[in-house]
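K.L.:
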Amino acid sequence: MKRVILCADDYAISPGVSEAIAALIADRRINATSVMTVFDGLAPAARALDDAAADTGASIGLHVTLTGAFAPLTAGMAEPSGTFASLPKLLLSALSRRLDAKAVAAEVEAQFAAFHDAFGRPPDHVDGHQHVHVLPVIRTAVIAATARHAPHAFLRDVTPARGALNGLDIKGRLIGAFSAGFARDAARAGLATNRGFGGAYDFSGDHDFATLLGHFLAGVPDGGLVMVHPGRVDDPLVARDPLTHQREVEYGVLRGPQWRAILDAADVSLALPDLGIARKAA
Numbered sequence: 173m174k175r176v177i178l179c180a181d182d183y184a185i186s187p188g189v190s191e192a193i194a195a196l197i198a199d200r201r202i203n204a205t206s207v208m209t210v211f212d213g214l215a216p217a218a219r220a221l222d223d224a225a226a227d228t229g230a231s232i233g234l235h236v237t238l239t240g241a242f243a244p245l246t247a248g249m250a251e252p253s254g255t256f257a258s259l260p261k262l263l264l265s266a267l268s269r270r271l272d273a274k275a276v277a278a279e280v281e282a283q284f285a286a287f288h289d290a291f292g293r294p295p296d297h298v299d300g301h302q303h304v305h306v307l308p309v310i311r312t313a314v315i316a317a318t319a320r321h322a323p324h325a326f327l328r329d330v331t332p333a334r335g336a337l338n339g340l341d342i343k344g345r346l347i348g349a350f351s352a353g354f355a356r357d358a359a360r361a362g363l364a365t366n367r368g369f370g371g372a373y374d375f376s377g378d379h380d381f382a383t384l385l386g387h388f389l390a391g392v393p394d395g396g397l398v399m400v401h402p403g404r405v406d407d408p409l410v411a412r413d414p415l416t417h418q419r420e421v422e423y424g425v426l427r428g429p430q431w432r433a434i435l436d437a438a439d440v441s442l443a444l445p446d447l448g449i450a451r452k453a454a
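In our numbering, the protein residues as written are 173 to 454.
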């Protein structure tokens, strides 16, 4: 059976999301989660996740956050509103190389420090909210910080596995285009990446998520990663993020009776793959 990383994003965005993810980790329904470190209450959320992950071997990673209607940890990344920039604005600034590299690096450093303060250790993997970690300027800061603080972590490469694309899948292909060369850049810093990616879709309720999940799992290779966004909707989530109801849909599938059949049909094991540590290029 191929070994796949099934990773729930956005741990700590709200209590309802955190509780749902921790329950899935404890029940071995997923084997990884990525933690947002920009919100109050991270320390108790970290303890709850550590308790849930005890003896499971789950990968607990840092979800580098640079977009959204919430405050950064450092002043340099704050808009006049006091929050991060929107994804379109950040994307335009990154692609035009107008991002302040020092401000980006300082915020990334602060989020690594917040993770270490909460968990007492470096993250097992590193990725980005809305995949910002692969963008120009941000990519450089994230790779450098990971090499310094978490050299045994793996980085998320969001280049889509061909078999995991969902039809034309403009969203998945666009994310993959932004990720061009990311695995190579990580390897040059001595860092590992997953081998293939799946899980991008438009998050609309028109999709049969159970079918989509099976497609993503079947489509990634051994060592691949499939992202999911399970959770329970609560007031903090509604205030912070537009992705709400679909989180409960995903949670229902991941905790439901069809979960085992989905994994078996895709010939997937949730034993974490040995991605190894890439050798630093000469």
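C-beta atoms are modelled at their ideal positions from N, C-alpha and C, and glycine is treated no differently. Quick caveat, the model's predicted, so the values are computed rather than measured.
Rounded to a whole number of angstroms, what is the C-alpha to C-alpha distance between L426 and H387?
P.N.:
Here residue 426 refers to the residue found at position 254 when the sequence shown is read from its first residue. Here residue 387 refers to the residue found at position 215 when the sequence shown is read from its first residue. For L426 and H387, the distance between alpha carbons rounds to 14 Å.
K.L.:
Is the beta carbon of P332 closer than 7 Å to that of F375?
P.N.:
Start at 1 with the first residue of the sequence shown, and residue 375 comes out as number 203. Start at 1 with the first residue of the sequence shown, and residue 332 comes out as number 160. In this structure, P332 does not lie closer than 7 Å to F375 by Cβ.
K.L.:
Using beta-carbon positions only, say whether A316 and V392 come within less than 7 Å of one another.
P.N.:
Counting from one through the sequence shown, the residue named residue 316 turns up at place 144. Counting from one through the sequence shown, the residue named residue 392 turns up at place 220. The answer is no: Cβ separation not under 7 Å.
K.L.:
DSSP three-state call for Y373: helix, strand or coil?
P.N.:
For the purposes of this step, residue 373 is identified with residue 201 of the sequence shown, where counting begins at 1. Here Y373 sits in coil by DSSP.
K.L.:
Quick one: which unbroken alpha helix (DSSP H) runs of 4-plus residues sit fully inside the region 319–400? Chain order, please.
P.N.:
Correct list: 342–350, 354–360 and 381–391.
K.L.:
Report the start-end ranges of each alpha helix (DSSP H) in the region 201–276 that is 4 residues or longer and not cut off at the edges.
P.N.:
Here the runs fully enclosed are 214–225 and 259–267.
K.L.:
Can you list, in chain order, the residues of its chain with a C-beta nearer than 6 Å to that of A453? Leave out the 5 residues immediately preceding and following it.
P.N.:
Within the sequence shown, the letter at position 281 stands for residue 453. For A453, the predicted model reports a pLDDT of 43, less than 50, meaning its position is unreliable; a value from the coordinates is still stated below. Contacts found: R360.
K.L.:
Judging by CA-CA distance, which residue of L447, G424 and G448 is the nearest neighbour of R201?
P.N.:
For the purposes of this step, residue 201 is taken as residue 29 along the sequence shown, with counting starting at 1. For the residues L447, G424 and G448, the minimum Cα distance to R201 belongs to G424.
K.L.:
Going by the beta-carbon positions, is the gap between V330 and I310 smaller than 7 Å?
P.N.:
One-based indexing of the sequence shown puts residue 330 at position 158. One-based indexing of the sequence shown puts residue 310 at position 138. Going by C-beta atoms, V330 is not nearer than 7 Å to I310.
K.L.:
Which two residues bound the contiguous alpha helix (DSSP H) that contains D407?
P.N.:
On the sequence shown, position 235 is the one that residue 407 refers to. D407 to R412 is the span of the alpha helix (DSSP H), which, as asked, contains D407.
K.L.:
Specify, as a first and last residue, the run of the beta strand (DSSP E) that V298 falls within.
P.N.:
Locating residue 298 in the sequence shown gives position 126, counting from the first residue. Its beta strand (DSSP E) spans residues H297 to G300.
K.L.:
Check whether the Cβ of P445 lies closer than 6 Å to any heavy atom of the ligand GDP, and answer yes or no.
P.N.:
In the structure shown, the ligand GDP is absent, as is every other ligand, since no ligand is present at all.
K.L.:
Identify, in the order they occur along the chain, each residue of the same chain with its Cβ nearer than 8 Å to the Cβ of H401, setting aside the five sequence neighbours on each side.
P.N.:
As a position in the sequence shown, residue 401 is number 229, starting the count at 1. Result list for H401: A180, D181, D182, F375, L415, Q418, R419 and E422, in chain order.
K.L.:
Which residue's Cα is closest to the Cα of L234: G396, F350, A390 and H321?
P.N.:
Here the question's residue 234 lines up with position 62 in the sequence shown. Among G396, F350, A390 and H321, the Cα nearest to that of L234 belongs to H321.
K.L.:
Please classify L435 as buried or exposed, where buried requires at least 16 neighbouring CB atoms within 10 angstroms.
P.N.:
As a working note, residue 435 is residue 263 in the sequence shown. Burial call: buried.
K.L.:
Taking the alpha-carbon of L221 as reference, which of L409, F291, K343 and L442 has the nearest alpha-carbon?
P.N.:
Translated into the one-based positions of the sequence shown, residue 221 becomes position 49. Looking at the Cα atoms, F291 is the closest of the given residues.
K.L.:
Since L214 and A184 should fall inside the 8 Å C-beta cutoff, what is the C-beta to C-beta distance between them, to a whole number of angstroms?
P.N.:
Mapped onto the sequence shown, residue 214 falls at position 42. Mapped onto the sequence shown, residue 184 falls at position 12. That pair is a contact at about 6 Å.
K.L.:
Return the first residue and the last residue of the beta strand (DSSP E) that D182 is part of.
P.N.:
Working through the sequence shown from its first residue, we reach residue 182 at position 10. I177 to Y183 is the extent of the beta strand (DSSP E) around D182.
K.L.:
Quickly, what does DSSP pair V280 with across the bridge? List them, please.
P.N.:
Stepping through the sequence shown from its first residue, residue 280 is reached at position 108. Note: V280 sits in no beta bridge, so no partner.
K.L.:
With distances taken between CB atoms, is the gap from P398 to L389 smaller than 7 Å?
P.N.:
Counted from its first residue, the sequence shown places residue 398 at position 226. Counted from its first residue, the sequence shown places residue 389 at position 217. Sequence inspection shows Val at residue 398; the Pro mentioned does not correspond to that position. In contact: V398 and L389 (Cβ atoms closer than 7 Å).
K.L.:
Let me know the secondary structure DSSP gives E191 once reduced to three states.
P.N.:
As a working mapping, residue 191 is identified with position 19 in the sequence shown. DSSP places E191 in helix when its eight states are reduced to three.
K.L.:
Quick check on this structure: which residue in F211, L444, A433 and P308 has the alpha carbon closest to the alpha carbon of S351?
P.N.:
Taking the first residue of the sequence shown as 1, we reach residue 351 at position 179. Selected option, being the one with the closest Cα: P308.
K.L.:
Under 7 Å between the Cβ atoms of V210 and T237?
P.N.:
Your numbering for residue 210 matches position 38 in the sequence shown. Your numbering for residue 237 matches position 65 in the sequence shown. Cβ atoms of V210 and T237: closer than 7 Å.
K.L.:
Can you give the Cα-Cα distance for L385 and G371, rounded to whole angstroms?
P.N.:
In the sequence shown, counting from the first residue as 1, residue 385 sits at position 213. In the sequence shown, counting from the first residue as 1, residue 371 sits at position 199. Rounded to whole angstroms, L385 to G371 spans 7 Å at the Cα level.
K.L.:
Just the C-alpha distance for E279 and G248, rounded to the nearest angstrom, thanks.
P.N.:
The residue given as residue 279 occupies position 107 in the sequence shown. The residue given as residue 248 occupies position 76 in the sequence shown. Each residue's Cα considered, the two are about 8 Å apart.
K.L.:
Would you list the residues sitting across from S441 in a DSSP beta bridge?
P.N.:
Numbered from its first residue, the sequence shown carries residue 441 at position 269. In the DSSP output, where bridge partners are listed per residue, S441 has R175.
K.L.:
For T205, count the other beta carbons within 10 Å of its own beta carbon; 16 or more makes it buried, fewer makes it exposed. Which is it?
P.N.:
In the sequence shown, the residue the question calls residue 205 occupies position 33. Classification of T205: buried, given that the 10 Å Cβ count is 16 or more.
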